[in-house]
Amino acid sequence: MTVESPRLLLGLVLLAPVAAIQFRAFVKGRTEILTLGVQWPADQVIRLYTVKWFFSTVAFNLFLVFAVLAAANITWGEIPVEEDRAGLDVAVVVDVSRSMLAADVQPSRLVRSLAVVRAVSRQLPTARMALIAFKGDAITLMPMTGDTNALEIVLDGVGPALISAPGTNIEAGLTEALRSFPEGTFAHGAVVVLSDGEALSGQIDDPLSELRRRGIPAVVVVAGTSEGAPVPGPDETVLIDEDGRPVVSRADTAYLAEIASRSDGSLFRLDTPDIVSRLVDELSGFVRVREQEGFRLVPHRRYRLFLSAAMIALLISIGVRGIRWRDMF
Amino acid sequence: MWVFERPALLLLLLLIPALVYLRHFWPKRGGTLTFPFGVWGGRGFTPPPTAMSALILASVVLFWAGVVILVLALAGPQRVTRERSFLTRGVDIMIVLDQSPTMGARDFQPENRFEAAREVVRRFVELRQNDPIGLVGFGAEASLRVPPTVDYDYLLAVLDEMRILEMGDGTAIGMGLAVAALHLQNSDAPRKAIVLLTDGINNAGEIQPGVAARAARSLGIEVYVVGIGSGEEVEIEVTDPETGRVLRGSVRDGFDGDALREIAAEGDGRYYYAGSNTALQAVFDTIDTVERVEQRSLLRVVRDPMDQLFVLVGLVLILFDFLIRRWIAREVL
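For the record, the sequence lines run as chains E and V.
Everything in the first sequence is counted per the numbering used here, starting at 113 for the first residue and increasing by one.
Everything in the second sequence is counted per the numbering used here, starting at 351 for the first residue and increasing by one.
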């Protein structure tokens with residue numbers, strides 16, 4: 113089961129103020145019934161009122177819960193959709209934050225990442241590629257092109273100085289990658305992300321939903337090790353923190369694994385000896401499978417189930433309030 | 351265009367008038383305690399309209415609007431668009447644009463030769479579909495600005511950023527042609543073309559224009575040479591992109607049509623002279639017509655589900671109704 117828009121689940125916190133308002137109304141209602149209730153049997157009316165309040169409140173709150181779950185777009189299972197495409201477009205998204213200069217992967221995470229990109233492009237000569245660098249912001253260094261010479265030139269100039277905005281905004285990188293796939297292309301698409309995953313920021317829900325919707329998997333390469341390495345400073349020393357200790361950057365696999373999993377992609381490690389052939393196999397393999405089968409599997413969205421439950425709960429809430437019980441209330 | 355995935359569910363909308371009646375107009379509806387307010391058998395009274403009653407009326411409208419929108423969401427609203435996918439490859443075209451100081455000559459509208467050239471290139475790009483187009487700029491040196499791509503937004507953004515003099519003070523036509531040919535050499539496009547836009551005084555670079563044109567031809571690349579400018583004395587105004595200084599003067603030998611014709615001849619290409627904005631546009635229209643290949647395309651129907659938006663809007667409207675009734679109007683049930 114996957115929640116496509118997990119941020120919307122925060123809507124469930126609305127239940128607390130809604131319940132508080134409902135309880136305040138209940139207390140007030142009891143008081144008013146007792147005040148006005150001279151001509152009615154007060155205990156019966158209060159009992160009826162309490163029962164009606166309870167069921168209508170529960171039903172209304174269930175409506176809220178189910179409606180929020182419907183909006184959050186929960187999926188499970190898969191359904192096939194026709195996929196009549198050929199060829200491959202790859203958007204390569206490279207993290208150029210300073211931590212990518214750490215040398216726990218030799219000669220450095222960034223240099224090794226760029227070498228892998230170069231090698232993969234040589235082994236996929238018919239694929240078109242785009243190159244996006246991201247740090248606090250993202251820029252397209254090369255639009256989607258089949259010109260491998262251009263990629264070689266652009267890769268030579270990739271480094272942390274390309275982008276001044278500090279940080280590691282993966283959302284900007286993925287959004288720019290999505291933009292780089294040209295309209296009207298007949299090719300399959302894939303995104304290759306190379307990052308150490310450290311201190312990634314940005315909301316990835318929207319770009320990941322879009323990737324999934326368009327059938328573009330994110331193949332994520334973790335650059336770095338869990339042991340980590342000091343981050344080089346601008347003057348060939350190492351960066352030091354406020355306590356005077358070297359800043360050590362460690363690869364954070366969890367967030368990157370989530371990106372791979374939620375886009376139906378896969379996860380690799382940069383320090384794997386045969387990383388290039390694995391990436392090439394992964395990219396060409398998924399194209400081959402889709403072209404052979406002629407369809408791809410997409411997540412089965414279950415919003416209708418939750419929305420139906422929400423509507424029934426709302427109907428019960430209205431009914432409990434609207435139908436007179438015992439000809440009294 | 352909008353469609354519904356399961357339109358039969360829209361029949362649920364027919365239940366709404368009955369629900370409205372039961373909730374608001376049915377004399378025996380519950381949730382209220384009724385008691386006489388006047389003499390038995392006399393007429394009741396209608397409370398005068400107030401801001402509160404208007405607010406409650408508004409909340410009723412919001413609630414039922416929310417319910418309608420949720421029913422629409424249940425039916426699966428989808429925005430349908432048609433997307434054209436090209437099954438064949440178009441023509442690979444490299445635009446080679448002169449950024450030398452003489453392109454600042456003010457014999458073209460609205461500003462100078464460079465701006466006029468930029469404008470026709472922009473129009474040319476906007477008219478193409480599925481043809482990878484690249485951009486090379488040259489002055490004293492030459493550099494690839496955009497590799498052949500169908501990402502025209504990116505291409506046009508880079509074109510807008512190009513400035514006279516940013517590639518140095520000089521005119522390395524041969525280098526510009528060579529860079530363009532280098533980036534087309536591995537292309538498997540059915541046709542490949544270079545469109546050189548210059549005023550033609552080659553005075554820099556290590557590769558002679560004729561040699562570069564011949565090399566392009568040997569790679570199966572069609573070379574179009576477009577001469578822009580006139581041989582008359584003309585005012586020139588250029589802003590140095592590094593210092594921001596404005597340089598003014600006049601130039602007499604700012605155009606060399608014979609040299610350009612020679613380049614075209616060496617590469618067995620075609621030479622066009624554009625002495626005015628209109629002529630320049632006509633030249634590009636001609637190239638646009640000539641450099642076409644038959645393309646096969648496929649129209650796809652793309653469906654974007656919009657139910658999430660509908661659910662959120664419906665939910666918000668119903669919450670507004672709840673807040674108005676329970677928080678402002680202080681209803682107890």
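All C-beta atoms in this analysis are idealised placements derived from N, C-alpha and C, irrespective of residue type, glycine included.
In this text the structure is predicted, and so the values were computed from the model without any measurement.
* To do: In the DSSP assignment, find the unbroken beta strand (DSSP E) run with Phe-375 (chain V) in it and report its ends.
  => DSSP places Phe-375 (chain V) in no beta strand (DSSP E); its state is neither H nor E.
* **Asn-185 (chain E): contacting residues in chain V (beta-carbon distance under 8 Å)** => Correct list: Gln-658.
* Asked: Since Ser-220 (chain E) and Ala-214 (chain E) are thought to touch, with beta carbons under 8 Å apart, how far apart are those beta carbons, to the nearest angstrom?
  -> The Cβ separation is near 7 Å, so the contact holds.
* Asked: Closest Cβ-Cβ distance between Lys-542 (chain V) and chain E: below 9 Å?
  -> Residue-level contact by beta carbon fails for Lys-542 (chain V) and chain E, as no gap is shorter than 9 Å.
* Asked: Quick one: Cα of Ile-483 (chain V) to Cα of Arg-432 (chain V), how far?
  -> If you draw a straight line from the Cα of Ile-483 (chain V) to the Cα of Arg-432 (chain V), it is about 24 Å long.
* Counting only runs that start and end within the segment 245-286 of chain E, where is the alpha helix (DSSP H) found for 4 or more residues in a row? -> Entirely contained in the segment 245-286 of chain E, the alpha helix (DSSP H) runs reaching 4 residues are, in chain order, 260-268.
* To do: Have a look at the DSSP bridge pairing and note the partners of Trp-352 (chain V).
  => Here Trp-352 (chain V) is bridged, per DSSP, to V:Arg-429.
* Interface residues of the segment 266-293 of chain E facing chain V [CB-CB below 7 Å] -> Within the segment 266-293 of chain E, the qualifying residues are Ser-292.
* chain E within 9 Å of Arg-473 (chain V), Cβ atoms only -> At least 9 Å separates the CB of Arg-473 (chain V) from every CB of chain E.
* Could you tell me the distance, in whole angstroms, from the CA atom of Pro-398 (chain V) to the CA atom of Ile-419 (chain V)? => Straight through space, the alpha carbons of Ile-419 (chain V) and Pro-398 (chain V) are spaced by roughly 32 Å.
* Along the chain, which unbroken stretches of the beta strand (DSSP E) at least 3 residues long are found entirely within the segment 177-242 of chain E? -> List check, beta strand (DSSP E) in window: 186-194 and 200-207.
* Ranges of the alpha helix (DSSP H) found wholly within the segment 294-344 of chain E, counting only runs of at least 4 -> With a minimum length of 4 residues, the continuous alpha helix (DSSP H) runs that stay inside the segment 294-344 of chain E are 317-325.
* Asked: What number of angstroms, rounded off, separates the C-alpha of Leu-426 (chain E) from the C-alpha of Val-334 (chain E)?
  -> Each residue's alpha carbon lies about 47 Å from the other.
* DSSP three-state assignment for Thr-169 (chain E), whether helix, strand or coil -> Reduced to three states, the DSSP call for Thr-169 (chain E) is helix.
* From V:Glu-491, V:Gly-579 and V:Asp-501, pick the residue whose C-alpha is nearest to that of Asn-627 (chain V); which is it? -> It is V:Gly-579 whose Cα lies nearest to the Cα of Asn-627 (chain V).
* Three-state secondary structure (DSSP) of Pro-357 (chain V) -> Reduced to three states, the DSSP call for Pro-357 (chain V) is helix.
* Asked: Among E:Gly-285, E:Met-256, E:Leu-263 and E:Gly-271, which residue has its Cα nearest to the Cα of Gly-296 (chain E)?
  -> Among E:Gly-285, E:Met-256, E:Leu-263 and E:Gly-271, the Cα nearest to that of Gly-296 (chain E) is on E:Met-256.
* Between the CA atoms of Leu-359 (chain V) and Val-421 (chain V) - distance to the nearest angstrom -> Those two C-alpha atoms are separated by around 8 Å.
* Leu-362 (chain V), enclosing beta strand (DSSP E) - first and last residue -> Annotation for Leu-362 (chain V): no beta strand (DSSP E) segment contains it, and DSSP assigns it neither H nor E.
* To do: Would you mind working out which of E:Val-332, E:Arg-142 and E:Leu-395 sits nearest Ser-225 (chain E), comparing C-alpha positions?
  => Check the Cα spacing between Ser-225 (chain E) and each of E:Val-332, E:Arg-142 and E:Leu-395: the tightest is with E:Val-332.
* Compute the Euclidean distance between the alpha carbons of Asp-481 (chain V) and Val-500 (chain V), then round it to the nearest angstrom. => One Cα belongs to Asp-481 (chain V), the other to Val-500 (chain V), and the distance between them is close to 6 Å.
* Asked: Hey, is Gln-428 (chain V)'s beta-carbon within less than 9 Å of any beta-carbon in chain E?
  -> Output row for Gln-428 (chain V): interface = no.
* **The beta strand (DSSP E) enclosing Leu-534 (chain V), as first and last residue numbers** => For Leu-534 (chain V), no beta strand (DSSP E) encloses it, and the DSSP letter there is neither H nor E.
* Asked: Which one of E:Ser-292, E:Phe-246 and E:Asp-268 has the shortest CA to CA distance from Pro-278 (chain E)?
  -> Relative to the Cα of Pro-278 (chain E), the nearest Cα in the group E:Ser-292, E:Phe-246 and E:Asp-268 belongs to E:Phe-246.
* To do: Going by DSSP, name the residue or residues bridged to Gly-625 (chain V).
  => Beta bridge pairing from DSSP links Gly-625 (chain V) with no other residue.
* Asked: Name the chain E residues whose beta carbon is nearer than 7 Å to that of Thr-696 (chain V)?
  -> Any property of residue 696 (chain V) remains undetermined from this structure, which presents chain V solely from 351 to 683.
* **Rounded separation between Val-486 (chain V) and Phe-660 (chain V) - CA only** => Rounded to the nearest whole angstrom, the CA to CA distance from Val-486 (chain V) to Phe-660 (chain V) is 48 Å.
* To do: Starting from the C-beta of Arg-598 (chain V), find all residues in its chain whose C-beta is less than 6 Å away, skip the five residues before and the five after it, and write them out in chain order.
  => Same-chain partners within the cutoff: Glu-587.
* Asked: With a CB to CB cut of under 6 Å and the five nearest residues on each side skipped, what residues in its chain are close to Arg-374 (chain E)?
  -> Hits under 6 Å: Leu-320.
* **Within-9 Å CB hit, Arg-676 (chain V) to chain E** => Arg-676 (chain V) counts as touching chain E.
* Asked: What separation, rounded to the nearest whole angstrom, lies between the Cα atoms of Gly-619 (chain V) and Ala-455 (chain V)?
  -> Cα-Cα distance, rounded: 26 Å.
* Would you report the Cα separation of Leu-323 (chain E) and Ala-330 (chain E), rounded to the nearest angstrom? -> Spanning the two alpha carbons is a distance of roughly 8 Å.
* Residues near Val-217 (chain E) in its chain [Cβ-Cβ closer than 8 Å; skip 5 each side] -> Cβ within range, chain order: Arg-224, Ala-335, Gly-336, Thr-337, Leu-382 and Asp-383.
* Using a Cβ-Cβ cut-off of 8 Å (strictly less than) and excluding sequence neighbours within five positions of Arg-234 (chain E), which residues of its own chain qualify? -> Contacts found: Thr-260.
* **Close beta carbons around Ile-352 (chain E), own chain, < 7 Å, minus the five adjacent residues each side** => The residues are Pro-358 and Val-359.
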